[in-house]
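Enquirer: When you line the sequence shown up against this note's numbering, it's residues 27 to 137, in that order. We put the beta carbon where it would ideally sit given N, CA and C, even for glycine. All values reported here derive from a predicted model rather than from experimental measurement.
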Amino acid sequence: MDIHALLLQAEENLKSGHYQAAFDLYQQIVSDQSAPIEALVGLAMAQYRLGQFSDAVQTAMQVLARDQQQIRAGLVASAGLIELGRYSEAVRIANATLEIEADNRFALSSK
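1) Using the Cα positions of Leu76 and Val67, report the straight-line distance between them to the nearest angstrom.
2) Tell me, to the nearest whole angstrom, how far the beta carbon of Gly106 is from that of Ala82; I am working on the premise that it is less than 8 angstroms.
3) Check whether the Cβ atoms of Ala103 and Ala86 lie closer than 8 angstroms to each other.
4) Residues in its own chain within less than 7 angstroms of Phe93 by CB, not counting five upstream and five downstream?
5) What residue range does the alpha helix (DSSP H) around Ser80 cover?
6) Look up Gln96 in the DSSP assignment and say whether it is helix, strand or coil.
7) So Gln73 and Phe49 are supposed to be a Cβ contact under 8 angstroms. How far apart are they, rounded?
8) Rounded to the nearest angstrom, how far is the Cβ of Ala61 from that of Ile55, given a contact under 8 angstroms?
9) Report the option in Ser42, Lys41 and Leu32 whose CA atom is closest to the CA atom of Gln53.
10) So, with DSSP's three-state summary, where would you put Glu64?
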């Protein structure tokens with residue numbers, strides 16, 4: 027099965043609540059160095075859903091180091107940091123994530 031097909035299956039598993047199956051597929055996908063960044067985002071989301079908060083934060087931060095525009099990775103990192111009790115870091119990342127989209131920047135400035 028090619029990476030694209032595996033990615034689609036992993037995304038479907040994640041959406042349908044089959045988090046372990048999604049995790050397993052994402053792990054398989056990211057073992058390939060040419061894996062798309064979406065696979066790392068999905069892995070972080072699966073880790074979060076499985077309660078692997080520290081791993082989810084680490085994976086999401088890897089994504090953000092490669093591409094700071096990845097909104098889902100920012101949200102996973104923030105949520106994971108909250109679960110770990112690291113609130114100030116979570117707020118910093120959440121604010122940076124909100125500023126990515128023009129509509130979010132407007133909402134923040136109107137407070």
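Expert: Taking the definition as stated:
1) In this structure, the CA atom of Leu76 is about 14 angstroms from the CA atom of Val67.
2) Contact between Gly106 and Ala82 is confirmed by a C-beta separation of about 4 angstroms, below the 8 angstroms threshold.
3) In this structure, Ala86 lies closer than 8 angstroms to Ala103 by Cβ.
4) Here the sequence assigns Asp to residue 93, which means Phe is not the residue at that position. Cβ neighbours of Asp93 beyond the five flanking positions: Ile63.
5) Unbroken alpha helix (DSSP H) run through Ser80: Phe79 to Arg92.
6) DSSP places Gln96 in coil when its eight states are reduced to three.
7) That belief holds up - the Cβ atoms of Gln73 and Phe49 are roughly 7 angstroms apart, short of 8 angstroms.
8) Indeed they touch by this definition, with Cβ atoms about 5 angstroms apart.
9) Ranking the options by Cα distance to Gln53, first place goes to Leu32.
10) Helix.
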